[in-house]
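Numbering (the working numbering), first residue to last: 842 to 1311.
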């Protein structure tokens, strides 16, 4: 994992903290909430990812000597630098479970800490969680399209810088099986996978020689790229020859890869050629600008593709490119806080809160959650956050709290979870979500409501601030 220090932040986080420090506010408790305002990809859900990386980073988050020297060169005073020298996060963090389904306009994480500590976490939190949640959600959509087909992350060379490293992790949370990224494989224990490049085939005077050498050196993981010259007239016939030669040595050709042309048509033709040659066990992999829509189209056509290698669309989160996650102050100076806006949808929810998921009798998702004040235990109705005439009686549902305390005094309270465990959990949660929320076009809108107590508190603060402006 990338080694973050506390200068991995925006400059204004430090300048605000400098003011808090000199005005005697450094020990004042504040609460910030992390949430996003709309689902990515015009979908019906998002997959929460990045929490483990974030918590590991928070435990080590500090200003090292190089950081302090740099800040001094930027004009930070010695007294404040002395504070930063001993800076550690010593607050509390409440979070949803990584891999869970999350929805707009409800807290996913709440940070409760002295205000400087909470403030200095903002950029790190948004940087890690926004990107990984975006990529995990994109990966999840591809998993829905691929069904039981294998999905490989091929995106490192198209990723935004080092983002390809965390994208490989997030892809597994969303349902991918492996990555081409060797460093991510090493650090996150993700299976690594890859075939060969066109340049490897081009290096040889004839295609079959390149195939034979590759098979000789990698007999137990031999996947041949068959489209360098002509897929059906050269690539697949040569792969078949090598596959039969491998059989005579007691080995098996693992697969072929298609990387250009009409992938559906080529896959059907290739499958027939392989089967006719008695190589029915050889898998067909496909790559080249794949996304959830292309994968779905290929499988709807009956393309016999076993494995999909996805690059650009995965690691760039195409077409969205970013999740609109925000980190808003909801409590400070012993009082609930909110940001006023002419658009009621952008008025954040004040105070310390909890989120409850509504489940049906069979434990499936009803399709709604209610945000309450943290101390509420008895509530029987949720109210639409912007249309108060809309409400829902909650008596028929099981209500499950979603925000768990995962850090206290800057120390984790939970054991780190393996990436495979997080990915499995995500798939199980997705099975509980009704199909209408998972469709790609015009999905059902998941309901997020407020308890009466929270809505009343928000409305009171709105009126108080508006009255000050008159």
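Ideal Cβ positions, reconstructed from N, Cα and C, are used throughout, including at glycine.
CA-CA distance, residue i and residue j?
i: residue 910; j: residue 1063; result: 52 Å
i: residue 1303; j: residue 1022; result: 49 Å
i: residue 1049; j: residue 943; result: 50 Å
i: residue 1249; j: residue 996; result: 36 Å
i: residue 1012; j: residue 1126; result: 18 Å
i: residue 1259; j: residue 1307; result: 48 Å
i: residue 918; j: residue 1276; result: 57 Å
i: residue 1091; j: residue 1116; result: 19 Å
i: residue 1138; j: residue 988; result: 12 Å
i: residue 1101; j: residue 1154; result: 16 Å
i: residue 1133; j: residue 990; result: 12 Å
i: residue 1263; j: residue 941; result: 9 Å
i: residue 1074; j: residue 1187; result: 59 Å
i: residue 1105; j: residue 852; result: 50 Å
i: residue 907; j: residue 1071; result: 55 Å
i: residue 971; j: residue 1158; result: 11 Å
i: residue 1288; j: residue 1241; result: 15 Å
i: residue 922; j: residue 860; result: 13 Å
i: residue 1165; j: residue 1057; result: 49 Å
i: residue 1212; j: residue 1069; result: 56 Å
Within 10 angstroms of the Cβ of residue i, are there 16 or more other Cβ atoms? Answer buried if so, exposed if not.
i: residue 1004; result: buried
i: residue 1254; result: exposed
i: residue 1299; result: buried
i: residue 820; result: Not covered by the structure: residue 820. The range shown for the chain is 842 to 1311.
i: residue 1245; result: exposed
i: residue 1218; result: exposed
i: residue 1083; result: buried
i: residue 1168; result: buried
i: residue 1297; result: exposed
i: residue 915; result: exposed
i: residue 894; result: buried
i: residue 883; result: exposed
i: residue 858; result: buried
i: residue 982; result: buried
i: residue 1257; result: exposed
i: residue 881; result: buried
At what residues does the beta strand (DSSP E) containing residue i begin and finish?
i: residue 992; result: 991–994
i: residue 859; result: Run containing residue 859: none in the beta strand (DSSP E); it sits in the alpha helix (DSSP H), 852–863.
i: residue 1171; result: 1166–1173
i: residue 1234; result: 1232–1234
i: residue 1196; result: 1194–1200
i: residue 1098; result: 1096–1099
i: residue 1065; result: 1064–1066
Of all the options the options, which has the alpha carbon lying nearest to the alpha carbon of residue i?
i: residue 1270; options: 913, 1289, 1170, 937; result: 937
i: residue 1080; options: 860, 1095, 1185; result: 1095
i: residue 1042; options: 851, 1067, 904; result: 1067
i: residue 1148; options: 1163, 1131, 1161, 1164; result: 1131
i: residue 1097; options: 1090, 1114, 1091; result: 1114
i: residue 1032; options: 1009, 1045, 1106; result: 1009
i: residue 1193; options: 1207, 930, 1179, 1172; result: 1172
i: residue 1197; options: 963, 947, 861, 983; result: 947
i: residue 1220; options: 1167, 1199, 935; result: 1199
i: residue 994; options: 1046, 1030, 956, 1034; result: 1034
i: residue 962; options: 1163, 1020, 896; result: 896
i: residue 945; options: 983, 1122, 1281, 889; result: 889
i: residue 931; options: 1309, 1141, 1146, 960; result: 960
i: residue 1086; options: 1120, 1135, 1175; result: 1120
i: residue 1136; options: 886, 1026, 992, 849; result: 992
i: residue 1229; options: 1185, 1256, 866; result: 1185
i: residue 1088; options: 1123, 1108, 1111; result: 1123
i: residue 934; options: 1051, 872, 1257; result: 872
i: residue 1061; options: 1040, 1078, 1036; result: 1036
i: residue 1077; options: 1046, 903, 1059, 1111; result: 1111
i: residue 1214; options: 1201, 864, 1177; result: 1177
i: residue 1016; options: 902, 1045, 1151; result: 1151
i: residue 1029; options: 1039, 1006, 887, 1210; result: 1006
i: residue 984; options: 1301, 1107, 1281; result: 1281
i: residue 1145; options: 1118, 1099, 886; result: 1099
i: residue 1226; options: 1210, 913, 1237; result: 1210
i: residue 892; options: 1103, 865, 965, 1170; result: 965
Need the endpoints of the alpha helix (DSSP H) that residue i sits in, please.
i: residue 1041; result: 1039–1044
i: residue 1073; result: From DSSP, residue 1073 is part of no alpha helix (DSSP H); its letter is neither H nor E.
i: residue 1268; result: 1260–1272
i: residue 1154; result: 1153–1156
i: residue 871; result: Segment 870–877 is the beta strand (DSSP E) holding residue 871; no alpha helix (DSSP H) there.
i: residue 1301; result: 1293–1310
i: residue 1026; result: 1023–1029
i: residue 1159; result: Neither: residue 1159 is in no alpha helix (DSSP H) and is coded neither H nor E.
i: residue 1058; result: 1048–1058
i: residue 1207; result: Careful: residue 1207 lies outside any alpha helix (DSSP H), inside the beta strand (DSSP E) at 1206–1214.
Whole beta strand (DSSP E) runs in the stretch 880–952 with 3 or more residues, listed along the chain? For the stretch 880–952, whole beta strand (DSSP E) runs of length 3 or above, ordered along the chain, are 933–936.
Can you list the beta strand (DSSP E) stretches of 3 or more residues lying completely in the stretch 971–1012, in chain order? 991–994, all fully within the stretch 971–1012.
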